[in-house]
Amino acid sequence: WDVGSTTSEAIRYPDDVYDRIWSPYRSLRWESITRRSDSTFFENDWQLPLTIMRTAVRPANASINSLSFYWKTSTPESQYYIFLHFAEVEGRQENQTREMSIYSNGKLWYGPFVPYTFFTTTLVSIYPSKGSERIDFSINKTENSTLPPILNAEEIYLAKEFPSSLTSQQDVDAIMSIKKKYGVKKNWQGDPCAPKVYLWQGLNCSYDGNELPRIISLNLSSSGISGEIITYIFSLTSLQALDLSNNSLTGSVPEFLSELHFLRVLNLTGNNLEGSVPAGLLERAKNGLLSLSVDGNPKLCHTASCNKRQNNKYIVPVAASVVSLSVLLTALAILWNLKRRKQGGRKKGSWELKNRKFSYSDVAKITNNFEKVIGKGGFGTVYHGYLEFNGTQVAVKMLSASSVQGYKQFQAEVQYIVHHKNLTTLVGYCDEDTNMGLIYEFMAKGNLEEHLSGANTLTWEARLRIATEAAQGSHSAFDQGCCPHICESSSSSNPHKNIVKLITFSIIKNN
Numbered sequence: 285w286d287v288g289s290t291t292s293e294a295i296r297y298p299d300d301v302y303d304r305i306w307s308p309y310r311s312l313r314w315e316s317i318t319r320r321s322d323s324t325f326f327e328n329d330w331q332l333p334l335t336i337m338r339t340a341v342r343p344a345n346a347s348i349n350s351l352s353f354y355w356k357t358s359t360p361e362s363q364y365y366i367f368l369h370f371a372e373v374e375g376r377q378e379n380q381t382r383e384m385s386i387y388s389n390g391k392l393w394y395g396p397f398v399p400y401t402f403f404t405t406t407l408v409s410i411y412p413s414k415g416s417e418r419i420d421f422s423i424n425k426t427e428n429s430t431l432p433p434i435l436n437a438e439e440i441y442l443a444k445e446f447p448s449s450l451t452s453q454q455d456v457d458a459i460m461s462i463k464k465k466y467g468v469k470k471n472w473q474g475d476p477c478a479p480k481v482y483l484w485q486g487l488n489c490s491y492d493g494n495e496l497p498r499i500i501s502l503n504l505s506s507s508g509i510s511g512e513i514i515t516y517i518f519s520l521t522s523l524q525a526l527d528l529s530n531n532s533l534t535g536s537v538p539e540f541l542s543e544l545h546f547l548r549v550l551n552l553t554g555n556n557l558e559g560s561v562p563a564g565l566l567e568r569a570k571n572g573l574l575s576l577s578v579d580g581n582p583k584l585c586h587t588a589s590c591n592k593r594q595n596n597k598y599i600v601p602v603a604a605s606v607v608s609l610s611v612l613l614t615a616l617a618i619l620w621n622l623k624r625r626k627q628g629g630r631k632k633g634s635w636e637l638k639n640r641k642f643s644y645s646d647v648a649k650i651t652n653n654f655e656k657v658i659g660k661g662g663f664g665t666v667y668h669g670y671l672e673f674n675g676t677q678v679a680v681k682m683l684s685a686s687s688v689q690g691y692k693q694f695q696a697e698v699q700y701i702v703h704h705k706n707l708t709t710l711v712g713y714c715d716e717d718t719n720m721g722l723i724y725e726f727m728a729k730g731n732l733e734e735h736l737s738g739a740n741t742l743t744w745e746a747r748l749r750i751a752t753e754a755a756q757g758s759h760s761a762f763d764q765g766c767c768p769h770i771c772e773s774s775s776s777s778n779p780h781k782n783i784v785k786l787i788t789f790s791i792i793k794n795n
């Protein structure tokens with residue numbers, strides 16, 4: 285209130301930078317006093333209009349030493365905050381003093397104090413004032429004062445109670461991000477769900493007395509939004525209804541919409557979406573768990589059969605490309621292998637071994653710390669394993685410390701690498717301190733004895749081929765300067781082409 289006003293007009297913006305409305309307040313018990321308009325005046329942080337602070341009131345009767353006012357309360361529990369503004373507007377003589385104390389409901393509220401000249405003093409209540417029916421204020425002259433009390437302006441604020449809790453922070457963060465991303469032009473200010481009477485336009489919230497309010501419905505229909513359906517929507521985990529119809533949304537329908545477990549209504553009609561509707565949404569709609577509307581998107585496929593055609597559209601060319609690439613790689617591998625054999629001959633084993641030496645820790649990783657034993661012999665123990673870089677199955681023969689013959693075989697096999705289709709490929713070796721081992725390709729179809737004497741009868745043609753291939757393997761070993769010293773019946777059959785390969789023999793150097 286502008287208590288010293290001499291007119292009947294309210295003061296507000298632009299005189300008040302905060303657009304507070306200062307209404308005139310009149311009392312027959314008060315009289316107005318005014319300071320010259322050309323006098324210098326200094327504001328405080330409350331930035332009150334100068335027009336207001338140049339006027340004040342004092343008691344109309346000189347024998348009365350107080351200014352009193354009151355207001356009726358809304359409820360006994362209502363809380364009020366008071367702002368009282370003072371500035372000396374009368375020129376005081378040297379022997380004059382204006383000292384005041386303020387009382388609320390008969391108790392000292394503030395004072396004593398002396399108002400400044402040319403400067404505004406604002407007194408603010410730290411704690412709210414309460415009253416059963418009314419709240420009384422009085423500004424009293426002290427015993428030391430020679431001048432009556434004054435008052436320039438007053439503000440009284442009622443603290444509003446919000447009975448409901450504030451919205452879940454997760455939902456607040458999500459909806460604020462949606463507002464920013466889409467540039468939503470609605471009355472979206474303050475808390476989205478609280479208080480309930482100020483609920484944001486286009487939102488519905490759940491109000492459970494034991495839980496924080498959650499956003500359960502979002503309606504952005506015909507809101508002029510564009511771009512893709514953003515992932516912030518997924519953070520609204522309690523969402524039951526989502527309406528994005530009649531906008532300019534593009535891109536695909538995101539899979540995360542099918543993961544909103546409480547979603548019961550989804551309206552995407554009238555946009556520019558394309559691709560296919562996620563199978564999860566179609567399944568929920570088919571089972572009656574979701575009301576799905578996607579019409580008005582010409583490039584959007586929203587049937588299961590359309591999804592299959594879409595998949596076939598890509599599967600055929602991809603499959604053709606894969607087959608063509610496989611043929612090309614196979615041809616290149618054959619040509620490279622032929623060129624390699626032609627240029628290197630059979631004497632290349634020594635330089636190839638430079639890239640085939642494994643450390644003992646590598647061997648431990650290959651065999652998973654020597655977990656699976658697949659055989660034992662004079663050389664030592666054989667373990668099953670996998671090469672780390674390509675997952676190829678291998679058989680790892682670790683030399684026994686007591687095997688003299690095994691050590692000779694180890695030296696011979698490392699020195700001579702035999703590349704022949706009927707000899708098992710030596711993948712690499714380990715020679716670290718007392719740990720020595722040979723790493724071979726793994727023969728997955730078992731040994732030759734099982735095939736010759738097993739339940740499945742072999743034809744004479746097959747038996748002849750086995751004998752021929754075993755002989756070719758032995759001949760290749762001899763031709764390299766080695767001989768099968770002990771050729772056991774543990775030759776095995778290649779898992780893909782059923783080619784016989786010799787895998788267990790001791791190789792000794794040909795003197």
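Here the sequence shown is numbered in the numbering used here, starting from 285 and rising by one per residue. Cβ coordinates follow ideal geometry from the N, Cα and C atoms, glycine included.
Alpha carbon to alpha carbon, how far is Glu558 from Leu574? Give it in angstroms, no decimals. 20 Å
| message | Measuring only the C-alpha atoms, how far is Ile770 from Ala617? | response | For Ile770, the pLDDT reaches just 35, beneath the cut-off of 50, and the residue's location in the model is therefore unreliable, although a value from the coordinates is still provided. Answer to the nearest angstrom: the Cα atoms are 34 Å apart.
Original post:
Quick one: what does DSSP say Leu260 is sitting in, helix, strand or coil?
Top reply: Outside the displayed range of the chain (285 to 795) lies residue 260, so it cannot be described from this structure.
Do you know whose CA, among Gln363, Ile462, Cys489, lies nearest Lys444's CA? Gln363
Which of helix, strand or coil does DSSP assign to Thr842?
Examination of residue 842 is not possible in this model, given that the chain is present from 285 through 795 alone.
_Three or more C-beta pairs under 8 Å: does that hold for the stretch 544 to 562 against the stretch 508 to 524?_
yes
task = Have a look at Lys681 and Ala563 and give me their C-alpha separation to the nearest angstrom.
result = Near 51 Å, if we compare the C-alpha coordinates of Ala563 and Lys681.
Worksheet item: Cα separation between Ile514 and His545?
Response: 18 Å
Rounding to the nearest angstrom, what Cα-Cα distance links Glu372 and Val408 in this structure? 18 Å
Asn807: buried (16+ other C-beta within 10 angstroms of its C-beta) or exposed? Nothing can be reported for residue 807: it is not among the residues displayed for the chain, which extend from 285 to 795.
(Q) I want to check one thing, is the minimum distance from the CB of Leu557 to the heavy atoms of the ligand ATP below 6 Å? (A) Ligands displayed in this structure: none; no statement on the ligand ATP is therefore possible.
ask   = Using the beta-carbon count (16 or more within 10 Å), is Pro298 buried or exposed?
value = exposed
Rounded to a whole number of angstroms, what is the C-alpha to C-alpha distance between Lys583 and Ser536? Each residue's Cα considered, the two are about 10 Å apart.
Beta-carbon proximity check, Val657 vs Thr665, cutoff 7 Å: yes
Tell me the rounded alpha-carbon separation between Pro399 and Ser316.
17 Å
**Asked** Between His369 and Ala437, is the Cβ-Cβ spacing less than 7 Å?
**Response** yes
Nearest-angstrom Cβ-Cβ length linking Ile386 and Gly375, presumed shorter than 8 Å
Wrong, their Cβ atoms sit about 24 Å apart, outside the cutoff.
ask   = Could you give the distance in angstroms between the alpha-carbon of Thr300 and the alpha-carbon of Gln331?
value = Residue identity check: residue 300 is Asp in the sequence provided, not Thr. For Asp300 and Gln331, the distance between alpha carbons rounds to 8 Å.
*Length at least 3, wholly inside the stretch 485 to 520: the beta strand (DSSP E) runs in chain order*: 487 to 490, 498 to 503
So if DSSP puts Asp420 in a beta bridge, which residue, or which two residues, is it bridged to? Residue pairing for Asp420: DSSP places it in a beta bridge opposite Tyr354.
- Pull up the distance between the alpha-carbon of Asp646 and that of Asn653, whole angstroms please. 10 Å
- Task: With Gln473 as the anchor, note down where its beta strand (DSSP E) starts and where it stops.
- Result: No beta strand (DSSP E) holds Gln473; DSSP gives it neither H nor E.
| task | In angstroms with no decimal places, state the Cα-to-Cα distance between Ser560 and Val578. | result | Distance between the alpha carbons of Ser560 and Val578: 11 Å.
So, for Gln454: in the same chain, excluding its five sequence neighbours on each side, which residues have a beta-carbon less than 8 Å away from its beta-carbon? Closer than 8 Å at the Cβ level, and outside the excluded window around Gln454, lie Ser519, Thr521.
* **Counted within 10 angstroms of its Cβ, other Cβ atoms place Gly467 as buried (16 or more) or exposed** => A residue is called buried when at least 16 other Cβ atoms come within 10 angstroms of its Cβ; Gly467 does not meet this threshold and is exposed.
Just curious, the alpha helix (DSSP H) that Glu439 is in, first and last residue? Not the alpha helix (DSSP H): Glu439 falls in the beta strand (DSSP E), residues 437 to 442.
**Item:** Per-residue burial, Gly239 [other beta carbons within 10 Å of its own, 16 or more giving buried]
**Value:** Any answer about residue 239 is impossible in this case: the structure gives the chain only from 285 up to 795.
Exercise. Roughly how many angstroms separate the alpha carbons of Ile792 and Thr709, rounded to a whole number?
Worked result: Low per-residue confidence applies at Ile792: pLDDT is 33, beneath 50, and the placement is therefore not dependable enough to give any value.
Q) If you follow the alpha helix (DSSP H) that Asp455 is part of, which residue opens it and which one closes it? A) 453 to 466 is the span of the alpha helix (DSSP H), which, as asked, contains Asp455.
What distance in whole Å lies between the Cβ atoms of Trp472 and Lys463, which are believed to be in contact at a cut-off of 8 Å? About 5 Å separates the two Cβ atoms, so the contact holds.
Considering only residues of the stretch 369 to 399, which uninterrupted beta strand (DSSP E) runs meet the minimum length of 3 residues and lie entirely inside it, listed in chain order? 384 to 388, 391 to 397
- Task: Can you tell me which of the three DSSP states Asp715 falls into?
- Result: strand
- Task: Report the three-state DSSP secondary structure of Ala569 (helix, strand or coil).
- Result: helix
Counting only runs that start and end within the stretch 647 to 685, where is the beta strand (DSSP E) found for 3 or more residues in a row?
-> Runs of the beta strand (DSSP E) lying entirely within the stretch 647 to 685 and spanning at least 3 residues, in chain order: 657 to 660, 664 to 670, 677 to 683.
Distance, Cα to Cα, Leu613 vs Glu655? Distance between Leu613 and Glu655, taken at the CA atoms: about 35 Å.
Next on the checklist: Can you find the residues in the same chain that come closer than 6 Å, C-beta to C-beta, to Phe421, ignoring five residues on each side of it along the sequence?
Outcome noted: Phe353, Ser388
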